[in-house]
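Protein sequences, first through last, are from chains S and B.
Note that our numbering gives residue 333 to position 284 of the first sequence, counting from 1, and the numbers run on in steps of one.
Note that our numbering gives residue 158 to position 157 of the second sequence, counting from 1, and the numbers run on in steps of one.
Each residue gets a CB set at the ideal place from its N, CA and C atoms; glycine is no exception.
To start, the structure itself, in structure tokens.
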Amino acid sequence: MCFVNFLLGLLTLSIYRFWARTNVRKHIWSCVHINGEPLEYTGRGIELFKGALFVFVVFGLPAVLLIAGISIAYGPEHPAIGAVQTLFLFIVSLLWGAAVFRARRYQLSRTQWRGIRGWLEGSATTYSLLYFGSLLARGMTLGWITPVMSINLQEKMLGGMRFGSMPFRFKGRAGPLYPAYAISWFLTFAVFIGIAIALGAAVAFLAGDDLSAALGDFFAEKEQPTEEQAFKIGVFFAGIAGFYLLLFLFYPIVWSIYAAREMAVLAGYTSIGDARFRLRTTTGSMIGLTIGNILIWVFTLGIGGPYVNQRLVRYLCDRMEIDGKVDVDNIRQSTAPLSTMGEGLADALDVGGL
Amino acid sequence: MASAIYFDGLSAAEHKVDVVVTANGLRLDGADTPSQLWAFRGLEPIERFHPHRPFRISHKSRPGARVILSDDTLITDLIAHAPHLKGGFHMKAVKRIAGWTAGSLAVTALGAYLVLQLAPSYLAFILPDSWRNRVGQQIEMSLTEGARQCHSTEGDTALAAVVARLAEGNPDMPPITVRVYAVPVMNAFAMPGDRIVMTGELIRQAENADQVAGVLAHELGHVTHRHSEAQLVRATGLQLLLSLLTGGGSDTIGSIAGLAAILNYSRQAEAEADDFAVEAMEASDVDPMALRGFFEMLLKQEGKPSTGAFGKITSALNTHPGTEDRIDKIHPLPAGHAIRPVLSTAQWQALRNICKS
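Structure (structure tokens):
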């Protein structure tokens, strides 16, 4: 399915992606069984397409036209373009939370179990502002406020979820998240410095002491570098590329520690009816999952992306338990209206997710 | 008759029902379920059918309601009456996918034609002059970055005389500005805002003033047809199309350096400029064979190693493909026209020396 989706995406110049995503979701949802009954994804590709088209017309098109207009009228390096781009970047980061929220709402409204569909109660605007605020706060505290903001955001997200007439509840403190956060944070720091020292030593060993002179000449675009200088410059840039590559590989692994803990704690804070969720995610298994996913992603050049998503869902479902009784028979159908458009903003901003 | 599980789409409660396939559809009966008939048309599979596995179906007229069948005989019987439930790989699905693919390709092709072919040639003529000037100026500055502009009193006069001569036969000619830069690569450019830039090397290698007039007439063709403005609109349109496809933004002319790339015209544009040049030369009694001679010189040099690149200016040898075909289209002045030289020998010498000050 991954490959067919990829092929049709090429043929239709990526427009098929909405139908591809729908097919992937249908498959992943149907693999999730709760008490013997599977989840069912009832969304349609055309809904995603319409949503994306709508957002493009009201949001993307004016931006592109404005920038194109300015670059034709005043040239492509006019400062006004930078100003417009900054403005749109600002608007995008303001809307990011709303995109996440509305995407979740759409997906829940298209998720059925025993004939009853889900919903996400609450205001996308409120969530969006909270999300934007949390971005700012995280920046200002070097990330240390992340667990608190995460709890706040999930209170809106998980606490707003409905299954038919039955609400999910979310309540808990951020405290238990901090030990894992601290480990990930300091490990990131250590890995960063470790990679820098290791690669720095390697570059220094290979390129020797004339490197700075060779680089100075290179950036000043003086004369043609000698073969030896060219080698040194090559080693230098290979070192920088290696740094980013290693960081790119290690970052998700290091943060798996926090991710595993966060998921388990957030699930533990969530309940529906008289039943409480329990998610047995562990650091080791999460790191294994992450490494496997990185390998799949790299070796299929991204085509295996849906498979990566499925692995994550399977991992979560295998470790998810619901303790307690839910009075299923008394859950009534959701009365929330079904929109005909889905997730346009999420597609435009490429917020990720399934 | 077989038993099945039924969800009514109103509550999450599970109901046991008896199901039977009748001539009109699937009949459902249960202790706490009102008797109902699900017509064959409108039945939809929730998941793909697999033998010996529970089969979930819904009906278009009953949103949310689900029946889960597990009796193999009944499922076989039902599929015999409603073969569309089996789904899978059948001609109808293939045709539909092919249809949608062809349709979206056709729409994209039409959009691409409108945005990249039709719109640029119209929009190029309604762009405000101030816009064209500004962008032209930026491209000229970027392209000739670091090069000296060539001036000499006699040389400027001679250049003006060439332009004036071409204007003689073309009263509708736009008011062009022509500048010569001391660049060691042979080339000439037409830019937005009725600008033409020539390299000193081109004048140096030209055999006579008529050849320079021919090149100028060719660039004048680009200016008159507003090819560079059209390219500008085209590049913007491409950006628009890409952002439509990817849903986000993308950059094609994100910098002036990228903008300079729009001066690479299509063959069709080159042919239009050639046709214009020949007509303009005829109308001004300039020998079109001079342009032909210039192209032949380019062709002869094609075998030689290229003169290389100066900054962003590459040699005309690299940027003008298909020279042979273009040469064949240039014919001598028709009968009734008497060739008059464009410049006197003294003027030609002055023009040749324009970069030598």
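- Message: Distance cutoff 8 angstroms, beta carbons only. Does Ser79(S) sit that close to anything in chain B?
- Response: yes
- Item | Ala339(B): first and last residue of the uninterrupted alpha helix (DSSP H) it sits in | Per DSSP, Ala339(B) belongs to no alpha helix (DSSP H) and is neither H nor E.
- Item | Interface residues of the region 313 to 326 of chain S facing chain B [CB-CB below 7 angstroms] | none
- Report the neighbours of Ile371(S) on chain B: residues whose CB is nearer than 9 angstroms to its CB, in chain order. Residues of chain B passing the Cβ test: none, with the nearest at roughly 14 angstroms.
- Query: Under 8 angstroms between C-beta atoms, does Asn224(B) make it to chain S?
  - Reply: Position check: residue 224(B) holds Val in this sequence, whereas Asn was assumed. Answer no: the Cβ-Cβ gap between Val224(B) and chain S never drops below 8 angstroms.
- Task: Kindly indicate which residue of Leu352(B), Leu86(B) and Gly100(B) has the alpha-carbon position closest to the one of Arg205(B).
- Result: Leu352(B)
- Message: Please tell me whether Leu381(S) and Ser59(B) are closer than 8 angstroms, where the distance is taken between their beta carbons.
- Response: Strictly speaking, residue 381(S) in this sequence is Arg, with Leu absent from that position. No, Cβ-Cβ distance for Arg381(S) and Ser59(B) is not below 8 angstroms.
- Message: Tell me whether the region 279 to 290 of chain B and the region 227 to 240 of chain B touch, counting them as touching only if at least three CB pairs, one residue from each stretch, are closer than 8 angstroms.
- Response: no
- Using a Cβ-Cβ cut-off of less than 8 angstroms, list which residues of the region 121 to 134 of chain S approach chain B; keep chain order. Ile121, Ala122, Tyr123, Gly124, Pro125 and Glu126
- Would you identify the three-state DSSP class for Thr52(B), choosing helix, strand or coil? What sits at residue 52(B) in the sequence shown is Pro, not Thr. The answer is coil: DSSP assigns Pro52(B) none of H, G, I, E or B.
- Just curious, the beta strand (DSSP E) that Asp372(S) is in, first and last residue? Met369 to Asp372
- Under a CB-based cut-off of 8 angstroms, is Gln278(S) close to chain B? no
- Task: Would you list, in chain order, the members of the region 141 to 160 of chain S that have their beta-carbon closer than 8 angstroms to a beta-carbon of chain C?
- Result: In the structure shown, chain C does not exist; the protein chains are S and B.
- Nonlocal neighbours in the same chain, by C-beta distance under 7 angstroms from Glu204(S), ignoring five residues either side: Phe219
- Measuring only between beta-carbons, confirm whether Trp349(B) sits less than 8 angstroms from chain S. no
- For Pro35(B), name the three-state secondary structure that DSSP assigns. strand
- Query: What three-state label does DSSP hand His76(S) in the structure shown?
  - Reply: helix
- Would you please verify whether the beta carbon of Val136(B) is less than 8 angstroms from any beta carbon of chain S? yes
- Please specify which runs of the beta strand (DSSP E), each continuous and at least 3 residues long, are wholly inside the region 204 to 239 of chain S, giving them in chain order. 210 to 212 and 215 to 219
- Name the DSSP bridge partner or partners of Leu169(S)? Met210(S)
- Task: Starting from Val18(B), follow the beta strand (DSSP E) in both directions and report where the run begins and ends.
- Result: His16 to Val22
- Query: Helix or strand or just coil, what does DSSP make of Phe181(S)?
  - Reply: helix
- Message: Suppose you measure from the CA of Ala231(S) to the CA of Thr339(S); what does that come to, to the nearest Å?
- Response: 20 angstroms
- Query: For Ile80(B) versus Ile6(B), is the C-beta distance shorter than 8 angstroms?
  - Reply: no
- Task: Give the secondary structure of Gly250(B) by DSSP, where H, G and I count as helix, E and B as strand, and everything else as coil.
- Result: Interpretation of Gly250(B) is limited by its pLDDT of 48, a score under 50 that renders its predicted location unreliable; the figure taken from the coordinates is listed afterwards. The answer is coil: DSSP assigns Gly250(B) none of H, G, I, E or B.
- Message: I want to see whether chain S comes within less than 8 angstroms of Ile254(B), judged by CB atoms only; does it?
- Response: For Ile254(B), the predicted model reports a pLDDT of 48, less than 50, meaning its position is unreliable and no value from the coordinates is stated.
- Task: Would you kindly check if the distance between the Cβ of Asp9(B) and the Cβ of Gly164(S) is under 8 angstroms?
- Result: yes
- Message: Does chain S have any CB closer than 8 angstroms to the CB of Glu15(B)?
- Response: yes
- Task: Note down, in chain order, every chain S residue with its Cβ under 8 angstroms from the Cβ of Gln240(B).
- Result: Val113 and Ala117
- Item | Where His51(B) falls, given that 16 or more other Cβ within 10 Å makes a residue buried | exposed
- Query: Does DSSP classify Glu305(S) as helix, strand or coil?
  - Reply: Residue identity check: residue 305(S) is Ser in the sequence provided, not Glu. DSSP places Ser305(S) in helix when its eight states are reduced to three.
- Message: Suppose contacts are defined by Cβ-Cβ distances below 8 angstroms. Is Gly215(B) in contact with Ala278(B) by that definition?
- Response: yes
- Task: Give a yes or no on whether the minimum CB-CB distance between Asp367(S) and chain B is below 8 angstroms.
- Result: no
- Establish whether the CB of Val47(B) and some CB of chain S are separated by less than 8 angstroms. Residue 47(B) is actually Ile in this sequence, not Val. Chain S, which has a Cβ nearer than 8 angstroms to the Cβ of Ile47(B), makes this yes.
- Message: Can you list, in chain order, the residues of its chain with a C-beta nearer than 7 angstroms to that of Leu202(S)? Leave out the 5 residues immediately preceding and following it.
- Response: Leu179, Tyr180 and Ser183
- Task: Provide the residue(s) that pair with Arg97(B) in DSSP beta bridges, ordered along the chain.
- Result: Arg97(B) is not bridged to any residue.
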